[in-house]
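*Asks:* Before anything else, here's the structure in question.
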Amino acid sequence: MTDDAVAGEILAAAGAGSEPGAGLAPFTGRDPEFDLPRAYRIAAAVMRARAARGERPAGWKIGFTNRRMWDEYGVRAPVWGPVYDTTLRILDGTPCALAGFAEPRIEPEIVFRLARTPPEGAGAEALLACLDGVALGFEVVQSLYPGWRFRAPDTVAAFALHGRLYRGPWVALDGPGWADRLARFSATLTRDGAVADHGAAEAVLGSPLNALAHLAAGLPGTPFGRGLEAGDVVTTGTLTRACPVAPGETWAATLDGLDLAPITLSFT
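Reminder that position 89 of the sequence shown reads as 88 in numbering that gives the first Met the number 0, one-by-one numbering, no gaps.
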């Protein structure tokens with residue numbers, strides 16, 4: 000199959016969502032040569048198709064930054080893909096309707112907003128100077144592959160598992176100490192008031208800034224035709240396990256050691 004044909008199959012499966020019969024057989028199981036370079040070419044074809052139907056890239060999601068998840072999902076390095084204006088939301092009390100998502104899960108994440116394009120080769124500290132906002136957010140991720148059974152190239156091709164990104168209020172990164180605080184905080188994720196998991200900054204490649212640096216270094220080598228731009232949002236990867244969600248549940252995330260507002264998201 001051509002890259003465009005594979006992209007069309009992915010978009011068709013996403014359109015089916017969680018309806019009976021939806022789902023993809025992993026491409027890595029169909030073709031032993033289906034690797035990350037081809038997966039990123041297909042992801043770029045998906046992005047072009049989504050842009051053609053009116054969706055605008057609004058930033059990036061980074062996945063598999065939490066090494067605790069690598070053995071569970073059979074991956075060995077982070078991946079990334081676009082966030083769109085159609086998949087980005089502000090947390091305002093509106094519940095998330097799960098109809099149309101395929102096996103959705105929730106991930107609490109640190110979200111950055113870029114004030115300017117980072118210089119080539121920028122490390123974590125230099126990237127900090129390119130940011131004008133940080134927030135706590137929830138990414139609702141999904142797997143078009145039934146049972147969450149896939150390899151890394153499969154995920155890259157299929158939106159890098161991105162479904163929707165909800166963010167809390169922006170906080171300015173002014174004043175000293177942000178790099179240190181972003182490497183030392185902890186997180187608690189609850190479902191209906193009961194603790195579902197704990198996490199910490201170190202789970203995201205040691206710091207969300209390190210995840211951003213990884214994206215900044217690797218993105219130019221992928222065929223999206225677009226790098227990091229001013230105004231982009233970047234969600235940096237889950238601080239906890241990715242937990243399955245269901246209608247009627249209310250999830251919340253709080254941080255200790257980083258002064259970002261707690262967030263809550265309900266599902267219908």
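No residue lacks a Cβ here, since even glycine has one placed at the ideal position from N, Cα and C.
1) So L188 is in the beta strand (DSSP E); what residue range does that whole segment cover?
2) Report buried or exposed for P175, applying the criterion of at least 16 other Cβ atoms within 10 angstroms of its Cβ.
3) For T64, collect the residues of the same chain with a Cβ closer than 6 Å to its Cβ; drop the 5 residues on either side in sequence, then sort them by chain order.
4) By a C-beta neighbour count over all protein chains shown, 10 Å radius and 16 as the cutoff for buried, is D231 buried or exposed?
5) R180 to G99, Cα distance in whole Å?
6) Less than 8 Å between C-beta atoms, sequence neighbours within five positions excluded: which residues of the same chain meet that for A13?
7) Going by the beta-carbon positions, is the gap between L214 and L172 smaller than 8 Å?
8) Can you tell which of V244, V170, E248 has the C-alpha that lies nearest to the C-alpha of G192?
9) Put L181 into one of helix, strand or coil per three-state DSSP.
10) Within 7 Å: the Cβ of T93 and any heavy atom of the ligand ADP?
11) Would you list the residues sitting across from R166 in a DSSP beta bridge?
12) According to the neighbour-count rule (16 or more other Cβ atoms, all chains shown, within 10 Å of its Cβ), is G24 buried or exposed?
13) Name the residue from D196, P145, L135, T1 whose alpha carbon lies nearest to the alpha carbon of Y72.
14) Of all the options I9, E228, W250, R67, which has the alpha carbon lying nearest to the alpha carbon of E119?
15) In three-state terms, what does DSSP make of A199?
16) Pull up the DSSP beta-bridge partners for D255, would you.
17) Can you grab the Cα-Cα spacing for the pair R150 / L257, in whole Å?
18) From which residue to which residue does the beta strand (DSSP E) around G58 run?
*Replies:* Looking at the atomic coordinates:
1) Residue numbering aside, residue 188 sits at position 189 when the sequence shown is read from its first letter. Taken as a continuous stretch (DSSP letters only), the beta strand (DSSP E) holding L188 covers 185-190.
2) Along the sequence shown, one-based indexing puts residue 175 at 176. P175 is exposed by the Cβ-count criterion.
3) Position 65 of the sequence shown, counted from the first residue, corresponds to residue 64. Taken in chain order, the residues that qualify are P77, V203, L204, A210, G236.
4) Within the sequence shown, the letter at position 232 stands for residue 231. With 16 or more other Cβ atoms within 10 Å, it is buried.
5) Residue mapping note: residue 180 aligns to position 181 of the sequence shown, counting from 1. Residue mapping note: residue 99 aligns to position 100 of the sequence shown, counting from 1. Each residue's Cα considered, the two are about 37 Å apart.
6) For this step, residue 13 is matched to residue 14 along the sequence shown. Taken in chain order, the residues that qualify are A101, L143, A157, F158.
7) Against the sequence shown, residue 214 aligns to sequence position 215. Against the sequence shown, residue 172 aligns to sequence position 173. Not a contact, by the Cβ cut-off of 8 Å.
8) Here the question's residue 192 lines up with position 193 in the sequence shown. By alpha-carbon distance to G192, the top candidate from V244, V170, E248 is E248.
9) Taking the first residue of the sequence shown as 1, we reach residue 181 at position 182. In the displayed model, L181 falls within coil according to three-state DSSP, outside both helix and strand.
10) Absence of the ligand ADP from the depicted structure is noted, as is the absence of any ligand whatsoever, leaving it without description.
11) Here residue 166 is taken as the residue at index 167 of the sequence shown, counted from 1. Bridge partners of R166: I89, G136.
12) On the sequence shown, residue 24 is found 25 positions in, with the first residue counted as 1. With the sequence shown as reference, residue 24 is identified as Ala, and Gly is not the correct amino acid for it. By the 10 Å Cβ count, A24 comes out exposed.
13) Numbered from its first residue, the sequence shown carries residue 72 at position 73. Ranking the options by Cα distance to Y72, first place goes to P145.
14) Locating residue 119 in the sequence shown gives position 120, counting from the first residue. Minimum Cα-Cα distance from E119 among the listed residues I9, E228, W250, R67 corresponds to E228.
15) Taking the first residue of the sequence shown as 1, we reach residue 199 at position 200. Of the three classes helix, strand and coil, the one that applies to A199 here is strand, per DSSP.
16) By one-based count along the sequence shown, residue 255 stands at place 256. Looking at the DSSP assignment, D255 forms a beta bridge with S185.
17) Here residue 150 refers to the residue found at position 151 of the sequence shown. Here residue 257 refers to the residue found at position 258 of the sequence shown. Rounded to whole angstroms, R150 to L257 spans 33 Å at the Cα level.
18) Taking the first residue of the sequence shown as 1, we reach residue 58 at position 59. Per DSSP, the continuous beta strand (DSSP E) segment holding G58 begins and ends at 56-62.
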